[in-house]
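Engineer:
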Amino acid sequence: MIKCVPVSCIFILFFSFFQFQLSAQTDTFTSQDLGVLEEYTNPQVTSLYQDRRGLLWISTYGGMDRWDGKRMVHYPYMPFDSTGSPARIPGGFTDDDQNNIWFLGEGLMKFDLETEVFHRIPIRYQDADLDIRYVKFDSKGFLWLGAMDGIYKYYPRTDSLRKVPILNSDEIEESWFRKISILRDSTGSVWMSHNLHGLCYYDPESDVFRKQAMDLPDFVDKHMNVGVMKRDPQGNFWLLGRKTELARFNPHSREFQWANLPVYSSVAPSSWGGIAIDHLGRIWFGADRGLMLYDPRKEKLTPLDTLSSLSYVIDMITDKQGNILVGTLEGVKVINPREITIRTIDVHLEQLIEGVGWYVSVVRDEQFLWMGTFRAGLIRYNLENDQFTNYQADGQPGSINSNYITKTLRDRSGRIWFTAGWDGSLYRVNEDKDSFEHFRPGDSHYITQGVEGYFWILGRERISRFDPITLDTRHIRFKEALPVDQLRSQLDFIPFIRDKEGIFWFAQQDGGLYRIDPEGGSWTHYNYDKSNPNGLPDPHVKSLFCDSRGTIWLSTWVGLSKLIKDPVNDTVLTFDNQYITDLKLGHSSRITEDAYGNIFVVTLYGVIVIRTDGTVETYSEQDGLLKDPSRTWLVDRDHENGAIYLGGSKMVIVPPGFLAIDTSIVQ
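Just so you know, the numbering used here puts 72 at position 72 of the sequence shown, and the rest follows in order with no gaps.
#1: TYR359 to LEU482, Cα distance in whole Å?
#2: Cβ of ARG120 less than 8 Å from any chain B Cβ?
#3: So, ILE497 versus THR448, is the Cβ gap smaller than 8 Å?
#4: Output yes or no for whether 8 Å exceeds the beta carbon distance between ARG462 and HIS445.
#5: Taking the beta carbon of MET148 as the centre, do at least 16 other beta carbons fall within 10 Å, making it buried, or is it exposed?
#6: Comparing C-alpha positions only, which one of GLY535, LEU563, ASP529 and TYR528 sits nearest to PHE545?
#7: Within 10 angstroms of its Cβ, does TYR155 collect 16 or more other Cβ (buried), or is it exposed?
#8: PHE658: buried (16+ other C-beta within 10 angstroms of its C-beta) or exposed?
#9: When the Cα atoms are used, what is the spatial distance from LEU378 to ASP443?
#10: Throw me the rounded Cβ distance for the GLY648 and ARG631 pair, which I believe falls under 8 Å.
#11: With a threshold of 6 Å on Cβ separation, who are the neighbours of LEU22 within its own chain once the five nearest residues in sequence on each side are excluded?
#12: Would you mind working out which of ALA213, TRP370, GLN257 and ARG375 sits nearest ASP386, comparing C-alpha positions?
#13: Hey, quick one: how far does the alpha helix (DSSP H) through GLN351 stretch, first residue to last?
#14: Using 8 Å for Cβ pairs, my map puts LEU513 next to TRP523. What's the rounded Cβ distance?
#15: Taking GLU116 as the reference, which of PHE142, PHE249, ASP131 and PRO86 has the closest Cα?
#16: Grab the span of the beta strand (DSSP E) containing TYR49 for me, first residue to last.
#17: Take VAL652 and list the residues in its own chain whose beta-carbon comes closer than 8 Å to its own, dropping the five residues that flank it on each side.
#18: Measure the C-alpha to C-alpha separation of SER265 and GLN257 and round it to an integer number of angstroms.
#19: Tell me the rounded alpha-carbon separation between GLU593 and GLY502.
#20: If you measure from the CB of TYR155, is any heavy atom of the ligand NAP nearer than 7 Å?
#21: In the DSSP assignment, find the unbroken beta strand (DSSP E) run with PRO729 in it and report its ends.
#22: Going along the chain, which unbroken runs of the beta strand (DSSP E) with 3 or more residues stay wholly within the segment 96-138?
#23: Applying the criterion that 16 or more other CB atoms from any shown protein chain within 10 Å of the CB defines a buried residue, is ASP278 buried or exposed?
#24: Whole angstroms is fine: what's the gap from VAL220's alpha carbon to THR187's?
#25: Given this structure, state the Cα-to-Cα distance separating ALA643 from ASP411, to the nearest angstrom.
#26: With a 10 Å radius around its C-beta and 16 neighbouring C-beta atoms as the bar for buried, classify ILE661 as buried or exposed.
#27: For the beta strand (DSSP E) that contains PHE249, what are its first and last residues?
#28: Between LEU304, ILE335 and LYS530, which has its C-alpha nearest ALA287's C-alpha?
#29: Could you tell me which of MET78, PHE455 and GLN50 sits nearest to THR473, measuring between CA atoms?
#30: Hey, out of LEU383, ILE314, GLY535 and ARG254, whose CA is closest to LYS298's CA?
#31: Unbroken beta strand (DSSP E) runs of length 3 or more, entirely within the segment 349-433: which are they?
#32: Under a three-way DSSP split, which group does LYS562 fall into?
#33: Hey, VAL228 and LEU216: beta-carbon distance below 8 Å or not?
#34: Ends of the beta strand (DSSP E) at TYR596?
#35: I'd like to know if the segment 391-403 and the segment 411-422 are in contact, where contact means that at least 3 CB-CB pairs between them fall below 8 Å.
#36: Among all the DSSP beta bridges, which residues are the ones paired with PRO76?
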C-alpha cells in the first residue's frame, strides 16, 4: 500500500557570499532536513536520484520514497504486491523517455509512473541470471547494465541483451566489481569509470570499452579504485576514488589534473559516499570524516565538521535548483550553497577613455571576467583580488583593431574569444591570457554561439559557421541577399540568435524581423502592419531571446512580446502582445533568463522579472542594481554558475540565489 504524508513546510536556508579559509579550519554551514525521520520508510538513506520531471527518489533500508516538493510518497518493501517496492533496499535509479523509473534490487526493476505499478524484469545471459550492480538509461533508447561479469546493453523494447567487452580485462577480476559510473561528454561520446579498470571510453565502431591511460602521480595509490564520477559545468569529469583520490579529467584534451588531498579516509564505506558539484564548480564529497568541500580554483579542501549530522555520508546529488542533497543515516539533508548578495564592479571606464563608455558583453573564465566595452576595449577582471587589465587598440602589432568589443565568447574547450570593430574581426585569447590571435571567418561582427559550440556569423549573402576548436569555416548561402545595408558598417545593435530548432532570427531597429532557414537558405521578412493586431507590434526590434522552453521573446519600442509559430506552417507567425499593456514593461531593451526559468527584462523602470507562474516583479537601484536602467546595455546569464550580468557604466552581478525564493526541491 502507498502511504502519502504531507510536509507542512520545508525551509532551505540562503547563505551570504562566502570564501573558504585554510583546510585546517572549518566553515560554519548549516543543513536543513528534507523531512522528519518519521516521514521516511526508513531514515537510513542508501541512494538519491532526481528524474527529468524533478521528482526526487530516495532509497532506504525499508523500500523507497518519492518527494515531489510538497509531500512524501512511500513505497514500502512488499515483494508480493505490485504497488509496493519489490526490493528491500532499492538503488541505482535511472529514468527513461517512456515515463518509467528503472532501479535495482534483487535484479532489475521497473516502475511505471502512469500506472504506479512495479515490474520485475528478468535479465539472463547464457542461461544464467545477471547479478546487476548498475543501471543507466542512454538517450539512444537502451539501458547500460553493470553486472558482476561485465557491461551490457539492454534494449527494453525488444527485450534483447548484448555484452560490451572491456579490452585487456581479466574475467577473474570481474568478481570484485563494485562500482561504475557512465556519462556522455559534450560531443556525445560515452565514458565509464570502473573501480577495477579505471576510466574507459566506448568505441562505437568496435562496440567495446577501451581503457584510458590515467598517468597516476606519485601521491596517488597505484591501485586506485575509481568509485564515482560526475560532470562539472565546464564539461570536465571529476573522479572520486575509494580512498578519496580526486581527479579532474578533460574528455576533449584527455588530460588529468589530480588534487593532492590529505588522506582522510581508508576503506570505510562512506569513502564512496557520493560526489556533487555546485554551480561554482566546487566539489562536495563524502569521506569517513564526514562531508568535504574542495575548491579547485583555490586548491583547498575544507572538512565541514560543523555539520555533525553529516558525519556519515551515503550518497549525494545536486538537484535542479542547485541544492546539495545528502543522504545520511538520518534522512536527506539539504544544503543551499548559493550566495544572494549582489556585487557591483566599477573600474571607472571614464578614466580609461575620454568620454562615456559602457559594457556590452561579458564571459567568465574561472576567476576572470572578460568584459567587452563600447569605446574602452577589452577588460580582464580578477574576481578574487579586484585587479584588472585593460586592452585597447594602439596600432601596434598584435593589438586589437577597435575599442568596440561587440561580443565575448567561451568555446567548448574553455578558450576565450571576442569580436572587435565592424569588419568581422574575431580574436582568440592565447594561453598566456595577455595576447591574442586574429581571425576573420565571417562578414560582420554579428555573431551567436549555438548549443553545439559553433560560432555563427551573419552576413548579407550568407551565414558562416566557424568551429573554434578545429578552426574550420563553412558557409550557408542565401538564395537571395538580405535587403539590409552593409552590416559591418552599422553601429546600431542588431539582435541575432539561433533557436532550439536551428532557425536563425535577426532584427533591425527600423526594419522588422527576419527568419532564416539554414536548410534551404531562404529567409522570411516580418514587418509592422498597423491593421494586424496580432502582428509585429512595432518595426523597431531591439532585442531577441530564445528561452529554455523554446519561446522567442522580443522587445520593441512599444514593449515586450512573444513569438507564436503556426503548428502547420512555421513561417507563419503571430505575436503574443499581452505585455504591451503593462506599463512597467514598456521601453524594454535587453532580455535573458535565469537558472529557474524567470525572464529578466531591462526597461526604463528597472529590471522586470517575469516569473514562471506569470507574476511580474520590479527590481531597481534600491535592490542593488544600476542607478539608471535606461543605460543598461547588457543583460546576460552565466550558464556555468547561473549568475546574471547587467552592464552599463558599471557591471552588476546578480547571483543565482537572488530570486530563488521557492523552497521546494522540485521545479
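The beta carbon of each residue, even a glycine, is placed where N, CA and C say it ideally should be.
Structural biologist: So, from the data block:
#1: The residue labelled residue 359 in the question sits at position 359 within the sequence shown. The residue labelled residue 482 in the question sits at position 482 within the sequence shown. Rounded to whole angstroms, TYR359 to LEU482 spans 29 Å at the Cα level.
#2: Although the question refers to chain B, the structure presented lacks it and comprises just one protein chain.
#3: Walking along the sequence shown from the start, residue 497 turns up at place 497. Walking along the sequence shown from the start, residue 448 turns up at place 448. Taking a C-beta distance under 8 Å as the contact criterion, ILE497 and THR448 qualify as a contact pair.
#4: Here residue 462 is taken as the residue at index 462 of the sequence shown, counted from 1. Here residue 445 is taken as the residue at index 445 of the sequence shown, counted from 1. With contacts defined by Cβ atoms closer than 8 Å, ARG462 and HIS445 do not form a contacting pair.
#5: Locating residue 148 in the sequence shown gives position 148, counting from the first residue. Counting every other CB atom within 10 Å of its CB across the protein chains shown gives MET148 a total below 16, marking it as exposed.
#6: Here residue 545 is taken as the residue at index 545 of the sequence shown, counted from 1. The shortest CA-to-CA distance from PHE545 to any of GLY535, LEU563, ASP529 and TYR528 is the one to LEU563.
#7: Against the sequence shown, residue 155 aligns to sequence position 155. Exposed.
#8: Taking the sequence shown and counting its residues from 1, one reaches residue 658 at position 658. Buried: at least 16 other Cβ atoms inside 10 Å.
#9: Mapped onto the sequence shown, residue 378 falls at position 378. Mapped onto the sequence shown, residue 443 falls at position 443. Between the alpha carbons of LEU378 and ASP443 lies a gap of roughly 21 Å.
#10: The residue given as residue 648 occupies position 648 in the sequence shown. The residue given as residue 631 occupies position 631 in the sequence shown. That pair is a contact at about 4 Å.
#11: Along the sequence shown, read from residue 1 onward, the residue named residue 22 stands at position 22. Bear in mind that a pLDDT of 25 at LEU22, under 50, signals an unreliable position, so the model cannot answer this.
#12: Against the sequence shown, residue 386 aligns to sequence position 386. Answer by Cα proximity: TRP370.
#13: In the sequence shown, counting from the first residue as 1, residue 351 sits at position 351. Counting along the chain, GLN351 sits inside the alpha helix (DSSP H) bounded by residues 349-352.
#14: Mapped onto the sequence shown, residue 513 falls at position 513. Mapped onto the sequence shown, residue 523 falls at position 523. About 11 Å; that fails the 8 Å criterion.
#15: In the sequence shown, the residue the question calls residue 116 occupies position 116. The shortest Cα separation from GLU116 among PHE142, PHE249, ASP131 and PRO86 belongs to PRO86.
#16: Locating residue 49 in the sequence shown gives position 49, counting from the first residue. In the DSSP assignment, TYR49 falls within the beta strand (DSSP E) that extends over 45-50.
#17: Your numbering for residue 652 matches position 652 in the sequence shown. These residues qualify, in order along the chain: ILE342, ARG343, THR344, ILE345, GLY624, LEU625, LEU626, TYR645 and LEU646.
#18: Working through the sequence shown from its first residue, we reach residue 265 at position 265. Working through the sequence shown from its first residue, we reach residue 257 at position 257. For SER265, the pLDDT reaches just 45, beneath the cut-off of 50, and the residue's location in the model is therefore unreliable, although a value from the coordinates is still provided. Roughly 20 Å separates the two Cα atoms.
#19: Residue mapping note: residue 593 aligns to position 593 of the sequence shown, counting from 1. Residue mapping note: residue 502 aligns to position 502 of the sequence shown, counting from 1. C-alpha separation (whole angstroms): 19 Å.
#20: In the structure shown, the ligand NAP is absent, as is every other ligand, since no ligand is present at all.
#21: Only positions 1 to 667 of the chain appear in the structure, and residue 729 is not among them; the question remains open.
#22: List check, beta strand (DSSP E) in window: 100-105, 107-112, 117-121 and 132-137.
#23: Within the sequence shown, residue 278 is the residue found at index 278, counting from 1. Burial call: buried.
#24: The residue you call residue 220 lines up with position 220 of the sequence shown. The residue you call residue 187 lines up with position 187 of the sequence shown. Cα to Cα, VAL220 sits roughly 29 Å from THR187.
#25: As a position in the sequence shown, residue 643 is number 643, starting the count at 1. As a position in the sequence shown, residue 411 is number 411, starting the count at 1. In this model, ALA643 and ASP411 are separated by some 18 Å (Cα to Cα).
#26: Counting from one through the sequence shown, the residue named residue 661 turns up at place 661. Low confidence applies to ILE661: its pLDDT is 45, below 50, so where it sits in the model is not reliable, and the reading given next is rough at best. Answer is exposed; the Cβ neighbour count stays below 16.
#27: Reading the sequence shown from its first residue, position 249 is the one you call residue 249. Residues 246-250.
#28: Here residue 287 corresponds to residue number 287 of the sequence shown, with the count starting at 1. Comparing Cα-Cα distances from ALA287 to each of LEU304, ILE335 and LYS530, the minimum goes to LEU304.
#29: In the sequence shown, the residue the question calls residue 473 occupies position 473. Minimum Cα distance to THR473 is reached at PHE455.
#30: In the sequence shown, residue 298 corresponds to position 298, counting from 1. Here the closest residue by C-alpha is LEU383.
#31: The segment 349-433 contains these whole beta strand (DSSP E) runs: 358-365, 368-374, 378-382, 388-391, 407-410, 416-420 and 425-429.
#32: Here residue 562 corresponds to residue number 562 of the sequence shown, with the count starting at 1. DSSP places LYS562 in strand when its eight states are reduced to three.
#33: Translated into positions along the sequence shown, residue 228 becomes position 228. Translated into positions along the sequence shown, residue 216 becomes position 216. Cβ atoms of VAL228 and LEU216: not closer than 8 Å.
#34: In the sequence shown, counting from the first residue as 1, residue 596 sits at position 596. Unbroken run through TYR596: none, as it is neither H nor E.
#35: Remark: three or more beta-carbon pairs, one from each stretch, lie closer than 8 Å, so the segment 391-403 and the segment 411-422 are flagged as touching.
#36: Within the sequence shown, the letter at position 76 stands for residue 76. Bridge partners of PRO76: GLY63.
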